[in-house]
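First the structure, in the form of structure tokens, and then the observations on it.
2 protein chains.
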Amino acid sequence: MLTTAGLFVLSSSGFKENAMQEKPTAGIVYLVPVPVAEGAAHTISPEVTEQTLHITHYFVENLRTARRFLKLLHPSINIDSLGFSEIDKHSGADIELFKKWLGEGHKIGIMSESGCPGVADPGSELVAVAHAMEASVVPLVGPSSILLALMASGFNGQSFCFRGYLPVKEPQRSKSLKDFEVVSIKEKQTQIFIETPYRNNLFLEDILKNCNNTTKVCIAQNITAPDAYIKTRTAANWKKDKPLLSKVPTVFLLLG
Amino acid sequence: MLTTAGLFVLSSSGFKENAMQEKPTAGIVYLVPVPVAEGAAHTISPEVTEQTLHITHYFVENLRTARRFLKLLHPSINIDSLGFSEIDKHSGADIELFKKWLGEGHKIGIMSESGCPGVADPGSELVAVAHAMEASVVPLVGPSSILLALMASGFNGQSFCFRGYLPVKEPQRSKSLKDFEVVSIKEKQTQIFIETPYRNNLFLEDILKNCNNTTKVCIAQNITAPDAYIKTRTAANWKKDKPLLSKVPTVFLLLG
């Protein structure tokens with residue numbers, strides 16, 4: 001996890017600054033998690049606080065969130081001394097700039113808007129470039145609503161599959177749900193989904209309409225927030241007592 | 257995340273202690289992560305330190321590891337005042353004791369030997385019981401080598417599948433690898449595996465023997481340790497320069 005780039009290097013004539021030009025060394029890429037609930041800074045590991053003291057360049061999903069988070073961790077930080085590049089929703093990250101920064105030996109942080117970069121969020125395309133350049137990649141510990149939901153579901157954690165979003169249109173949507181339920185039964189495999197918050201109630205309806213009564217369904221909302229809602233019931237029991245879900249980030253899990 | 261059990265409850269006659277006997281309320285279950293590398297306490301979120309101040313009962317995979325971790329977090333903790341039950345490798349957890357403790361309104365921590373309980377580790381059977389008893393389940397944030405390996409792999413984090421251990425025997429082992437490679441190509445889905453450390457080199461051999469040269473393979477060893485080794489290359493490139501893997505916890509990831 002060490003690089004000599006940009007550091008003082010001991011030579012026969014004493015310390016010499018910026019050995020980088022003479023002996024190019026790739027920088028280091030840090031995957032920097034941020035809270036998944038408003039103000040939940042207590043879910044961020046101390047190593048994030050430590051490492052962000054030394055990271056000088058960032059690729060971020062959202063500039064405002066990223067700056068606010070760094071200010072929260074380090075109130076006296078000089079934000080303007082850092083390099084930022086926003087990952088564009090449509091065109092992706094500026095790969096050439098990333099390669100340039102990495103080639104110059106910088107410590108580069110990747111930050112998504114919520115949770116762990118690269119997991120149901122942008123970042124992985126940059127990490128792939130870092131590996132191609134043989135750079136060190138350091139994942140830091142922080143909250144992932146997918147992993148936390150899995151832990152809290154009581155479902156199989158020896159075999160699980162994150163499927164992202166279901167197709168929005170029918171009949172593909174119902175078919176997907178039914179197919180994944182079959183896989184879950186056959187492989188004893190936990191199926192994990194996310195949904196756009198305004199469709200949460202529709203998603204629950206679709207699960208209850210398409211899945212067996214005996215299939216277990218976990219709804220995990222607002223994880224790590226004081227009003228977190230995490231419940232596992234059979235589809236039959238959810239049908240009897242159907243909650244009105246808030247339009248907040250939600251993970252749905254199935255085990256057939 | 258609140259329970260009235262064991263708390264002071266406001267009644268018409270003022271505060272009244274221990275409403276529990278009159279109005280039974282289930283306790284709370286906390287999923288308590290521990291470090292995945294020796295001494296990596298800086299990967300544990302502050303909420304773990306906070307919540308373990310109040311947890312009085314524990315179900316643990318390994319009694320010695322659990323006690324040592326709690327001592328590390330809280331040097332002045334009175335370990336003997338806490339209740340511990342070890343989850344037996346063969347017969348599983350003492351479910352009746354768990355139900356009793358939960359029914360009595362205790363705060364119960366579940367701890368595995370390494371990483372997040374319930375994810376490739378014991379714990380989920382207890383969480384399932386907690387949901388059946390309508391208890392609150394609170395997942396705390398900490399390291400998961402599976403999630404960290406996924407973040408650091410540069411592979412697809414929009415669709416991924418954790419498959420646990422491959423079958424040990426042939427021809428099932430080779431067939432599984434080939435089948436999962438096909439799924440990975442078809443679904444653009446990251447495939448994640450773990451292996452018993454003494455079989456690490458054999459596992460890499462098997463991947464290189466059975467998978468396409470263009471399939472990308474990430475090897476993630478000793479995550480969060482100072483000597484962590486995380487590298488992604490194509491199978492062809494691994495063949496050219498095959499490392500001798502240490503007998504340490506390793507996550508293998510494929511993307512076809």
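Chain order of the listed sequences is A and B.
So in my numbering, spot 125 of the first sequence is number 125, and the numbers just go up one at a time.
Throughout, my numbering is defined as the position within the second sequence, counted from one, plus 256.
Note that beta-carbon positions come from the ideal geometry of N, C-alpha and C, so glycine has one too.
When burial is assigned at 16 or more other CB atoms within 10 Å of the CB, is residue i buried or exposed?
| i | result |
| --- | --- |
| residue 21 (chain A) | Residue placement at residue 21 (chain A) is flagged as unreliable, the pLDDT there being 37, under the threshold of 50; a coordinate-derived value is accordingly withheld. |
| residue 279 (chain B) | With a pLDDT of 38 at residue 279 (chain B), under the threshold of 50, the modelled position of that residue is not reliable, and no figure is offered here. |
| residue 314 (chain B) | buried |
| residue 172 (chain A) | exposed |
| residue 106 (chain A) | buried |
| residue 446 (chain B) | buried |
| residue 75 (chain A) | exposed |
| residue 500 (chain B) | exposed |
| residue 238 (chain A) | buried |
| residue 224 (chain A) | buried |
| residue 295 (chain B) | exposed |
| residue 131 (chain A) | buried |
| residue 61 (chain A) | buried |
| residue 197 (chain B) | This structure leaves residue 197 (chain B) out entirely; chain B is present only between 257 and 512. |
| residue 163 (chain A) | buried |
| residue 412 (chain B) | buried |
| residue 348 (chain B) | exposed |
| residue 78 (chain A) | exposed |
| residue 394 (chain B) | buried |
| residue 167 (chain A) | exposed |
| residue 399 (chain B) | buried |
| residue 226 (chain A) | exposed |
Considering only DSSP beta bridges, list what residue i is partnered with.
| i | result |
| --- | --- |
| residue 233 (chain A) | A:217 |
| residue 250 (chain A) | A:221 |
| residue 255 (chain A) | A:216 |
| residue 285 (chain B) | B:364, B:393 |
| residue 290 (chain B) | B:371 |
Assuming contact is defined by CB atoms lying nearer than 8 Å, are residue i and residue j in contact in what I supplied?
| i | j | result |
| --- | --- | --- |
| residue 319 (chain B) | residue 352 (chain B) | no |
| residue 513 (chain B) | residue 290 (chain B) | There is simply no residue 513 (chain B) to check, as chain B begins at 257 and stops at 512 in what is shown. |
| residue 308 (chain B) | residue 288 (chain B) | yes |
| residue 298 (chain B) | residue 46 (chain A) | yes |
| residue 112 (chain A) | residue 123 (chain A) | yes |
| residue 195 (chain A) | residue 165 (chain A) | yes |
| residue 448 (chain B) | residue 509 (chain B) | yes |
| residue 491 (chain B) | residue 468 (chain B) | yes |
| residue 364 (chain B) | residue 357 (chain B) | yes |
| residue 403 (chain B) | residue 119 (chain A) | yes |
| residue 473 (chain B) | residue 463 (chain B) | yes |
| residue 382 (chain B) | residue 354 (chain B) | yes |
| residue 453 (chain B) | residue 498 (chain B) | no |
| residue 304 (chain B) | residue 401 (chain B) | no |
| residue 437 (chain B) | residue 471 (chain B) | yes |
| residue 210 (chain A) | residue 255 (chain A) | no |
| residue 476 (chain B) | residue 415 (chain B) | no |
| residue 312 (chain B) | residue 338 (chain B) | yes |
| residue 117 (chain A) | residue 407 (chain B) | yes |
For chain C, find out if any of its Cβ atoms is closer than 8 Å to the Cβ of residue i; answer yes or no.
| i | result |
| --- | --- |
| residue 164 (chain A) | Any reference to chain C falls outside this structure, whose protein chains are A and B. |
Quiz item: Closer than 7 Å, Cβ to any Cβ of chain B: which residues of the region 40-51 of chain A, in chain order?
Solution: Closer than 7 Å at the C-beta level to chain B, one finds these residues of the region 40-51 of chain A: 42, 43, 44, 45, 46, 47, 50.
Open item on the list: Give me the subset of the region 319-334 of chain B whose CB atoms are less than 8 Å from a CB atom of chain A, sorted by chain position.
Closed with: Residues of the region 319-334 of chain B with a C-beta less than 8 Å from any C-beta of chain A: none at all.
*Compile a chain-ordered list of the residues in the region 466-485 of chain B whose CB is closer than 9 Å to at least one CB of chain A.*
Of all residues in the region 466-485 of chain B, 472, 474, 476, 479, 480, 482, 483, 484 have a Cβ within less than 9 Å of some Cβ in chain A.
Residues from the region 397-413 of chain B in contact with chain A, defined by Cβ distance under 9 Å: Flagged, chain order: 397, 398, 399, 400, 402, 403, 404, 405, 406, 407, 408, 409, 410, 411, 412, 413.
Check: Using Cβ-Cβ distances below 9 Å, what residues of the region 485-496 of chain B are close to chain A?
Finding: Listed by position, the residues of the region 485-496 of chain B near chain A (Cβ gap below 9 Å) are 486, 487, 488, 489.
*asked:* I'd like the ranges of any beta strand (DSSP E) spanning at least 3 consecutive residues and lying wholly in the region 104-135 of chain A.
replied: Within the region 104-135 of chain A, the complete beta strand (DSSP E) runs of at least 3 residues are 107-111.
* **Interfacial residues, the region 171-186 of chain A to chain B, with Cβ spacing under 9 Å** => Close to chain B, meaning a Cβ-Cβ distance shorter than 9 Å, is no residue of the region 171-186 of chain A at all.
Within the region 38-117 of chain A, ranges of the alpha helix (DSSP H) (whole runs, at least 4 residues): Counting only runs of at least 4 residues, the region 38-117 of chain A fully encloses the following alpha helix (DSSP H) elements, listed from N- to C-terminal order: 46-51, 63-73, 95-103.
Q) Where are the alpha helix (DSSP H) runs, 4 residues long or more, that stay fully inside the region 131-208 of chain A, in chain order? A) Segments of the alpha helix (DSSP H) lying fully in the region 131-208 of chain A: 145-153, 172-187.
| task | May I ask you to list, following chain order, the residues of the region 91-122 of chain A that have a beta carbon less than 8 Å from some beta carbon of chain B? | result | Against chain B - using a Cβ distance shorter than 8 Å - the residues of the region 91-122 of chain A are 116, 117, 118, 119, 120, 121.
Tell me which residues of the region 382-397 of chain B have at least one Cβ-Cβ distance to chain A shorter than 9 Å, keeping chain order. Legend: CB atoms of the region 382-397 of chain B lying less than 9 Å from CB atoms of chain A belong to residues 382, 383, 384, 385, 386, 387, 388, 390, 392, 393, 394, 395, 396, 397.
| task | Using a Cβ-Cβ cut-off of less than 7 Å, list which residues of the region 188-207 of chain A approach chain B; keep chain order. | result | Flagged: no residues at all.
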